[in-house]
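The structure appears below as structure tokens.
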Amino acid sequence: MCAAATPPPCRRSKSPWPGSPSSSRRAGHCPPANSRPPDRHPRGRGTPAATHASGVPQVQALPVLAGRRPTPQTAHPMTTANKITITRILLIPVFVMFAVYYGESVRAGHPQESLRAAAIAVFLAAALSDGIDGFLARRFNQRSRLGEILDPIADKGLLITTILTLTFTDWKYTFPAWFPVLVIGRDLVILTGAAVLQFVNGHLEVRPSLLGKAATALQMSAIAWIMFQLPNPFWVVAAAGAATLLSGFGYVADAIRQLHIGGHGNPRT
47 MCAAATPPPC RRSKSPWPGS PSSSRRAGHC PPANSRPPDR HPRGRGTPAA THASGVPQVQ
107 ALPVLAGRRP TPQTAHPMTT ANKITITRIL LIPVFVMFAV YYGESVRAGH PQESLRAAAI
167 AVFLAAALSD GIDGFLARRF NQRSRLGEIL DPIADKGLLI TTILTLTFTD WKYTFPAWFP
227 VLVIGRDLVI LTGAAVLQFV NGHLEVRPSL LGKAATALQM SAIAWIMFQL PNPFWVVAAA
287 GAATLLSGFG YVADAIRQLH IGGHGNPRT
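In the working numbering, the protein residues as written are 47 to 315.
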């Protein structure tokens, strides 16, 4: 009787799937007929990976967990609109420099009109950039969180800095001292009311009013009137001051309305 043939010695397999039929065959021996590769995906934890004809499991994408959505990709914050807004902020000290030097030349008795022209040009460029960056943000979908922060800083910074500069420098016409106090005081009241609403109601509804837009337009008109040295600036400054005061009352009334809607501010509650 012939002795059974001794199987060749097992060799160490380098297959990435140890224990699979293919790794066993590479190692020099065959697995039992009734054996099968271990189930790498227990029932209830996913779908088993598909197997190629060669016996090598194919890579399958993991299922997305229920209730989780892929995080949307956000645009780069340094958009063209934001670059224009930053440029507007950088133009503010340039305007102040030209305006102050012009005021000093007026005080010295030798007004240098080229400095006034430069101050006007810088202010107009900064003011026009406000409309340009807003158009780009809407037209090319360049809205961003950074733009929402920078835009009001640039707008208020340019407006208030110009009013203060034209109040305390020696131009031919200047703003009266009460005008910047009124403008800055109204803005502080609005900021304080917004903070109170956010703290008490937990949310804030920002709605620019028609009166507020009219006040801003009249303030810009008063600035242009003084810089171009048009006669009798008193009436346009007075109109801008009245609109600023009335818009402040309007914002306070709207804040009180939001407090009542939120269930606060009512003495009976």
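In this text, a Cβ means the ideal position worked out from N, Cα and C, and glycines have one as well. Note that the structure is predicted; figures quoted are calculated from it, not measured.
Using C-beta distances below 7 Å, list every residue in its chain close to residue 164, excluding the 5 sequence neighbours before and after it, in chain order. On the sequence shown, residue 164 is found 118 positions in, with the first residue counted as 1. Hits under 7 Å: 144.
Check: Under 9 Å, do residue 209 and residue 265 count as touching if we go by C-beta distance?
Finding: Along the sequence shown, read from residue 1 onward, the residue named residue 209 stands at position 163. Along the sequence shown, read from residue 1 onward, the residue named residue 265 stands at position 219. Taking 9 Å as the Cβ cut-off, residue 209 and residue 265 qualify as a contacting pair.
Practice item. Starting from residue 150, trace the alpha helix (DSSP H) both ways and give me its first and last residue. Key: For the purposes of this step, residue 150 is identified with residue 104 of the sequence shown, where counting begins at 1. Per DSSP, residue 150 belongs to the alpha helix (DSSP H) from 126 to 153.
Notebook entry, point to check: CB-CB under 8 Å to residue 216, same chain, minus the five flanking residues each way: which ones, in chain order?
Noted result: Stepping through the sequence shown from its first residue, residue 216 is reached at position 170. Cβ within range, chain order: 149, 150, 152, 153.
* residue 250, DSSP secondary structure in three states -> The sequence position of residue 250 within the sequence shown is 204, counting from 1. It is coil, neither helix nor strand.
Assumed close pair residue 192, residue 123 - CB separation to whole angstroms, cut-off 8 Å: The residue you call residue 192 lines up with position 146 of the sequence shown. The residue you call residue 123 lines up with position 77 of the sequence shown. Between residue 123 and residue 192 the Cβ distance is about 4 Å, and since that is below 8 Å, they are a contact.
When burial is assigned at 16 or more other CB atoms within 10 Å of the CB, is residue 243 buried or exposed? Counting from one through the sequence shown, the residue named residue 243 turns up at place 197. With 16 or more other Cβ atoms from the protein chains shown falling within 10 Å of its own Cβ, residue 243 counts as buried.
- Query: For residue 380, does the three-state DSSP call read helix, strand or coil?
  - Reply: The requested residue 380 does not occur in the structure, where the chain is confined to residues 47 to 315.
- [ ] For residue 232, count neighbouring C-beta atoms within 10 Å of its own C-beta (all shown protein chains included) and say buried if the count is 16 or more, exposed if not.
- [x] As a position in the sequence shown, residue 232 is number 186, starting the count at 1. Classification of residue 232: buried, given that the 10 Å Cβ count is 16 or more.
| field | Residue range of the alpha helix (DSSP H) that includes residue 193 | value | As a first step, residue 193 must be located in the sequence shown, where it is residue number 147. Counting along the chain, the alpha helix (DSSP H) containing residue 193 begins and ends at 191 to 214.
Review point. Quick one, are the C-beta atoms of residue 219 and residue 157 less than 9 Å apart?
Key: Here residue 219 is taken as the residue at index 173 of the sequence shown, counted from 1. Here residue 157 is taken as the residue at index 111 of the sequence shown, counted from 1. The answer is no: Cβ separation not under 9 Å.
query: For the alpha helix (DSSP H) that residue 271 lies in, which residues bound it at each end?
result: Position 225 of the sequence shown, counted from the start, is the residue given in the question as residue 271. Unbroken alpha helix (DSSP H) run through residue 271: 256 to 273.
#### Entry: DSSP-derived helix/strand/coil call for residue 309
Residue 309 sits at position 263 when you count from the first residue of the sequence shown. If DSSP states are grouped into helix, strand and coil, residue 309 belongs with coil.
task = Within the same chain, show all residues whose beta-carbon is closer than 6 Å to that of residue 162, passing over the 5 residues directly before and after it, in chain order.
result = As a first step, residue 162 is located in the sequence shown; it is residue number 116 there, counting from the start. Around residue 162: 148.
* Using DSSP with H/G/I as helix, E/B as strand and the rest coil, what is residue 297? -> Along the sequence shown, one-based indexing puts residue 297 at 251. Residue state, collapsed to three classes: helix.
For residue 175, count neighbouring C-beta atoms within 10 Å of its own C-beta (all shown protein chains included) and say buried if the count is 16 or more, exposed if not. For the purposes of this step, residue 175 is taken as residue 129 along the sequence shown, with counting starting at 1. Buried, since its Cβ has 16 or more Cβ neighbours within 10 Å.
Would you call the segment 246 to 260 and the segment 220 to 228 in contact, with 3 or more CB pairs under 8 Å? Segments in contact, no.
Proximal residues to residue 142 (C-beta, below 7 Å), its chain only, five neighbours per side dropped:
On the sequence shown, residue 142 is found 96 positions in, with the first residue counted as 1. Contacts found: 207, 211.
- prompt: When we look at the beta-carbon of residue 168 and count the other beta-carbons within 10 Å, is it buried (16 or more) or exposed?
  reply: As a working mapping, residue 168 is identified with position 122 in the sequence shown. Result: buried.
Review point. Can you give the beta carbon distance from residue 188 to residue 196, rounded, assuming they're within the 8 Å contact cut?
Key: The count along the sequence shown starts at 1 and reaches residue 188 at position 142. The count along the sequence shown starts at 1 and reaches residue 196 at position 150. Under the criterion of beta carbons closer than 8 Å, residue 188 and residue 196 do not qualify as touching, at roughly 12 Å.
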